[in-house]
Structures are given as C-alpha cells and as structure tokens.
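Sequence order for the protein chains is F and H.
Counting from 43, one number per residue, gives the positions in the first sequence under the numbering used here.
Counting from 48, one number per residue, gives the positions in the second sequence under the numbering used here.
Comments concern the structure below.
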Amino acid sequence: MKTNHKKKIKAPLTVEQKIKRRTFISFGAFVALGGSAAAGWNWLLNAPEETPGITGGTRAPLRRALNKTELFFRNLFSNKHLVKTYPIMEAAKTPRVNSLIGIEDDEDFDVSRWKLVVKLKNLKDQHISIEALKALPKTEIVYDFKCVEGWDEIQHWAGVKLSDFLSYFKLEEEAKKQYLGLETPNGAYYVGLERESILHPQTLLAYEMNGKPISIEHGAPLRLIVPVKYGIKNLKRIGTMSFSDKRPRDYWAEQGYDYYSGL
Amino acid sequence: MKVIKEKHSLLMRWTHWVNFPVLAVMIWSGLFIYWANDAYGISIFGFSFIKFFPEWFYDYFHISGRLAEGMAFHFLFMWFFFINGLLYILYTVFSGAWRELLPNKHSFKEAWLVLLHDFHIRKTIPPQKKYNAAQRIVYTAIIFMGIGSVATGLAIYKPVQFYWLCWLCGGYHFARILHFALTIGYVLFFLIHIIQVVIAGWNNFRAVVAGFEVVEEQVKFNPEPLIPQKPEDKDENKP
C-alpha cells in the first residue's frame with residue numbers, strides 16, 4: 043500500500059547521517075548568506091556616485107544613509123543641550139589655523155571697507171558694519187572646538203549671538219525659513235546651516251578671539267562660531283548671509299561630507 | 048558512541064557571523080577617519096616605539112585621504128553594529144544564556160589553570176560547561192568592549208547632544224582615545240581567537256555554524272533503551 047511505502051522511506055536516520063545532513067544544510071546556508079553579503083558589499087563598493095548638486099562626492103546609497111541618519115539625530119537635538127564651557131585660562135593662546143579656503147585667494151579684500159551683506163528676497167539687501175554688530179550685547183564662549191579631522195582645541199571667542207543679531211536687525215521673519223547660508227566675500231567658501239543650529243544659544247557671529255579682534259587668518263573681521271557643528275561649518279570672514287527653505291550650497295557637502303555635520 | 052549535542056543557539060550564531068564583517072567594515076572605515084588626525088602611539092620614557100600608524104601601513108591599505116568616505120561608511124555600518132549587538136545582548140539576557148557566559152566566582156582562579164593548560168604547563172583542565180573560565184572572562188569582556196565602543200563612539204559623534212555620555216567617557220578628547228584603544232583590543236582579540244579556533248578544531252568550529260557538537264558518549268548504565276536523540280527532528284532544517 044502507498045502509506046506503507048512512505049513509511050519505509052522515512053526510516054530513522056543514523057547519528058552519522060544526521061550529523062552529515064545538518065552539517066551540509068548549515069554550511070550550505072552559511073555559504074549562501076555569506077555570498078549574498080559579499081554581493082551586497084560589492085554593490086555598495088561599486089555604487090555610482092551621487093549626482094553632483096548641493097551635496098556630492100560620495101556613493102549615492104551612502105549619501106541617502108547620511109541624510110536618513112541626520113533626520114534621526116535631529117530628533118534628539120535640543121537648544122537646551124549646551125556645549126561644555128571652560129575657564130578662560132584653559133583656552134589656547136595661539137589657536138590652530140587649519141584652512142584658509144575663501145581667505146587666501148582673495149587679495150582684493152579690504153577689512154576696513156567690509157560690511158556684512160544680508161540678502162533678502164523682494165527687499166533691498168542690508169549692509170551692516172562691524173561697529174553696528176559690536177554695539178549689540180556681547181557674548182563670550184570658551185569651548186572645545188572640534189574639527190572633522192578629529193582634533194579638538196579649547197578656544198575663546200566673543201561676538202554677538204546669532205539669535206540676538208536676528209532679532210535686533212528684524213530678521214526673525216526671514217529666519218523662519220529652514221536654512222541659513224553664509225559665504226565668504228569672494229564666494230570661495232560657503233556653508234549652509236539648518237534653523238535649529240542657527241538659533242542655538244551658543245551660536246555666535248564672532249569678532250573677537252582671546253579678547254582681541256580676530257586676526258586675518260582666523261577670519262577677520264567676522265566669522266561664525268557654531269559649537270554644535272564641526273569646524274567645517276564655522277565659516278571665516280562672513281561676506282553674505284541669506285535665508286532659504288532649501289539647503290544652501292555647502293563647500294564640504296559637495297565633497298562627500300555629511301551636510302548636517304552636527305555634534 | 049557518537050551523540051549530537053546542541054551547543055550554540057541560532058541567534059548566537061547569526062549575530063556572531065553578522066558581527067564579523069560589520070566590525071571589519073567599522074575598523075576599515077574607522078582607519079580612514081583616524082588617519083586625518085593620527086595622533087596616537089605608545090611611548091615609554093619618551094622613546095616612542097609604536098606609532099599608529101606608520102606610512103607604509105597607510106600605503107599598503109590605501110587609507111590616506113579618504114576621511115569623507117570613511118565617515119560615510121562608518122555612520123551607516125554603526126547602525127548594523129549596534130542593532131546586531133543589541134540583539135545578541137537582549138537574547139543573552141532573556142534566554143538565560145548569560146548563565147553560561149558571565150564569569151562566576153571560580154572563573155578568575157580557573158582561568159589561570161586554563162591558561163597553564165593552553166601553554167602545556169598543566170595537563171588537566173577544570174571541568175567546564177559550554178565555555179571554560181578563560182572564555183567566560185574574555186567573551187564577556189568583548190561584549191562590554193562592544194558596549195564601550197558604542198558609548199564612546201556616540202560620545203564623539205554627538206558630544207553636545209549626548210553631553211552626559213561624553214562626560215561619562217572622560218570628555219571628548221579622551222573618549223576618542225578610548226574608542227581607538229578598544230579597536231586595538233578587538234584586533235588583539237581577533238588574532239588570539241583565530242589561533243584558538245584553529246587549535247580547537249573542526250568540531251568546535253562547526254558548532255558555531257551548525258549549532259551542534261558531536262561528543263563521544265560512554266554507554267552508561269541505563270535501564271531505558273538507548274535513544275540518544277531528543278525528538279527534535281525539526282532542528283534538522285535549521286541553517
């Protein structure tokens with residue numbers, strides 16, 4: 043009979059057979075999964091570069107991951123989370139100069155004639171002198187400046203809080219837009235910052251370092267100090283400021299770095 | 048006679064083998080990041096005898112000038128490393144497998160005897176369950192190192208948002224050193240682990256893939272007829 047037949051085929055396996063069988067199945071699955079992992083890795087390694095735009099220079103899937111990761115960590119951002127501050131005596135006497143992009147290639151620049159240009163949609167641009175900025179309440183900060191390269195240094199900066207600046211110059215309406223863009227006067231270096239970081243209470247438009255006007259190589263006369271970001275976002279020698287709902291162009295984000303670069 | 052003895056659960060094997068390539072990618076991309084500020088080394092009495100890393104090392108593995116790429120890989124694979132590790136820890140805690148993993152009060156004394164045995168100084172080894180005393184200590188340590196890597200990593204990744212974690216890790220600067228030192232620890236662990244796996248042989252290695260060990264069991268006095276296999280035929284289909 044048929045049923046008897048089936049039973050005969052299903053005779054109990056010996057221990058040896060069981061060992062062989064389980065080993066075969068397990069290692070088969072192991073090799074198959076390992077192979078697909080290798081194929082997945084290969085795909086990622088050879089993935090095409092993203093289309094150059096506001097961001098560029100990295101593999102498209104990795105850029106998607108960076109942007110998704112940004113969204114996750116932005117949920118944890120709070121203006122109540124402050125960067126650790128230090129006593130003034132701990133600040134570096136001669137702070138490190140790491141990069142002069144946007145400064146060294148601008149020989150025509152004249153500090154005495156500098157004005158901050160605030161670009162406004164449908165309105166005339168505002169031109170703000172350094173004296174007007176210095177007339178605003180001064181905020182000092184001594185904190186650990188962090189470079190994307192991995193070094194950090196305790197530095198002493200002073201200037202006007204960016205949020206104070208926006209309210210004194212009646213730019214709050216403009217600043218409701220999602221992003222702020224800053225560029226050097228020659229436009230060779232530029233950064234974009236999202237709204238939360240702009241309004242962070244420790245974000246400064248700095249005009250003093252170690253109690254003296256900022257030197258040329260540190261970004262005279264006015265630079266950005268944004269402790270919730272890596273150094274790459276701390277633009278030296280601010281020329282223009284603009285507001286937008288889209289990400290403004292960003293020098294390092296075009297070269298494979300995370301746009302957000304928040305700490 | 049030969050008997051099949053279940054040793055490693057599917058989840059333990061799965062997380063073990065996922066961790067291996069993921070950690071490899073983390074170390075590889077971590078080197079790209081470290082290169083940009085390769086400040087560490089070991090020096091004794093002012094004489095530095097190890098520099099992390101010499102130029103030939105960077106050249107050989109093509110590490111130089113790939114910081115942005117390293118960060119992009121690192122901040123993707125960190126998720127896999129974290130989720131996989133979390134899965135293992137949750138499983139180990141809730142399944143009770145931690146009883147066979149965590150060192151007990153005898154482990155520290157016994158680990159010494161295991162070490163002597165491994166160096167062929169001592170003939171016998173203390174009786175053990177799934178892991179011997181030295182394994183308990185090292186495998187537990189490596190899990191805590193993993194937790195340490197996530198903590199110090201997060202501390203240097205978001206030092207402002209996780210200021211309390213950054214403080215807990217000894218500050219931003221020190222957390223980066225710890226993060227690096229833990230990685231060196233993994234490499235040392237890996238080297239010894241591989242040697243031990245080779246010495247332990249096929250039966251031991253197979254257990255981490257197939258889940259079971261084959262043990263030689265003495266035919267004991269047993270009033271019941273010998274049916275060594277439990278009715279777990281379903282298990283055959285397990286990968």
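Don't be surprised by glycine CBs; every beta carbon is placed ideally from N, CA and C.
Computed from a predicted model, the values in this text were never measured in an experiment.
Check: Three-state secondary structure assigned by DSSP to Val270 (chain F); Outcome: coil
Check: Asp152 (chain F) burial status per 10 Å Cβ neighbour count (16 or more: buried); Outcome: exposed
Check: Three-state secondary structure (DSSP) of Met48 (chain H); Outcome: coil
Check: Entirely enclosed alpha helix (DSSP H) segments - the stretch 81-108 of chain H, minimum 4 residues; Outcome: 102-108
Check: Residues in the stretch 249-274 of chain F having any Cβ partner in chain H nearer than 8 Å; Outcome: Pro269 and Val270
Check: Burial state of Gln265 (chain H) (16 or more Cβ within 10 Å); Outcome: exposed
Check: Span separating the alpha-carbon of Leu142 (chain F) from that of Ala81 (chain F); Outcome: 42 Å
Check: Coil, strand or helix - Gly76 (chain F) by DSSP; Outcome: helix
Check: 7 Å Cβ cut-off: residues of chain F touching Val256 (chain H); Outcome: Ser68, Phe69 and Phe72
Check: 8 Å Cβ cutoff met for Arg279 (chain F) and Gly144 (chain F); Outcome: yes
Check: Buried or exposed by the 16-neighbour rule on C-beta atoms within 10 Å, applied to Asn179 (chain H); Outcome: buried
Check: DSSP state of Phe221 (chain H) mapped onto helix, strand, coil; Outcome: helix
Check: Short-range partners of chain H found in the stretch 77-92 of chain F, where Cβ spacing is below 7 Å; Outcome: Ala79
Check: Three-state secondary structure (DSSP) of Val255 (chain H); Outcome: helix
Check: CB of Ala89 (chain F) within 8 Å of CB of Arg101 (chain F), strictly; Outcome: yes
Check: For Lys23 (chain F), three-class secondary structure by DSSP; Outcome: Outside the shown range of chain F (43 to 305) lies residue 23 (chain F), about which nothing can therefore be said.
Check: Cβ neighbour criterion (16 or more within 10 Å) applied to Glu225 (chain F); Outcome: buried
Check: Status (buried if at least 16 other CB within 10 Å, exposed otherwise) for Asn284 (chain H); Outcome: Model confidence at Asn284 (chain H) stands at a pLDDT of 45, short of 50, so the residue's coordinates are unreliable and nothing is read from them.
Check: Test: Asn284 (chain H) CB closer than 8 Å to a CB of chain F; Outcome: In this predicted model, Asn284 (chain H) has a pLDDT of only 45, less than 50, meaning its place in the structure is not dependable; the value taken from the coordinates is given anyway. Answer yes: the Cβ-Cβ gap between Asn284 (chain H) and chain F drops below 8 Å somewhere.
Check: Candidates H:Ile172, H:Lys98 and H:Ile89: closest to Trp82 (chain H) by CA position; Outcome: H:Lys98
Check: Chain-ordered residues of the stretch 171-196 of chain F with a beta carbon less than 8 Å from chain H; Outcome: Asp186, Lys188, Cys189, Val190, Glu191, Gly192, Trp193 and Asp194
Check: Start and end residues, beta strand (DSSP E) containing Tyr231 (chain F); Outcome: That residue, Tyr231 (chain F), is in no beta strand (DSSP E); it is neither H nor E in DSSP.
Check: For Leu158 (chain F), the residue or residues it bridges with in DSSP; Outcome: F:Ile170
Check: C-alpha distance - Val69 (chain H) paired with Trp75 (chain H), whole-angstrom precision; Outcome: 10 Å
Check: As assigned by DSSP and simplified to three states, the class of Gly32 (chain H); Outcome: Outside the modelled stretch of chain H, which goes from 48 to 286, sits residue 32 (chain H), for which no answer is possible.
Check: First and last residue of the uninterrupted beta strand (DSSP E) at Gln220 (chain F); Outcome: Looking at the DSSP string, Gln220 (chain F) is not in any beta strand (DSSP E), and its letter there is neither H nor E.
Check: Unbroken alpha helix (DSSP H) run spanning Tyr210 (chain H), endpoints; Outcome: Tyr210 to Leu215
Check: Residue from H:Phe237, H:Lys170, H:Gly248 and H:Glu116 whose Cα sits closest to the Cα of His63 (chain H); Outcome: H:Phe237
Check: Stretch-stretch touch, CB-based, cutoff 8 Å, three pairs: the stretch 220-231 of chain H with the stretch 192-200 of chain H; Outcome: yes
Check: Per-residue DSSP class, three states only, for Pro9 (chain H); Outcome: The structure shown does not extend to residue 9 (chain H), since chain H is modelled only from 48 through 286, so no value can be given for it.
Check: Cβ pair Leu123 (chain H), Leu305 (chain F) closer than 8 Å; Outcome: no
Check: Per-residue DSSP class, three states only, for Thr100 (chain F); Outcome: coil
Check: Residues sharing a beta bridge with Leu247 (chain F), DSSP; Outcome: F:Val202 and F:Leu266
Check: Cβ neighbour criterion (16 or more within 10 Å) applied to Glu279 (chain H); Outcome: Since pLDDT at Glu279 (chain H) reaches only 48, below the 50 mark, its modelled position is unreliable, and the value read off the structure follows with that caveat. Glu279 (chain H) comes out exposed.
Check: DSSP-derived helix/strand/coil call for Ile168 (chain H); Outcome: coil
Check: Supposed contact pair Ile267 (chain F) and Ala248 (chain F) - C-beta distance, whole angstroms, cut 8 Å; Outcome: 4 Å
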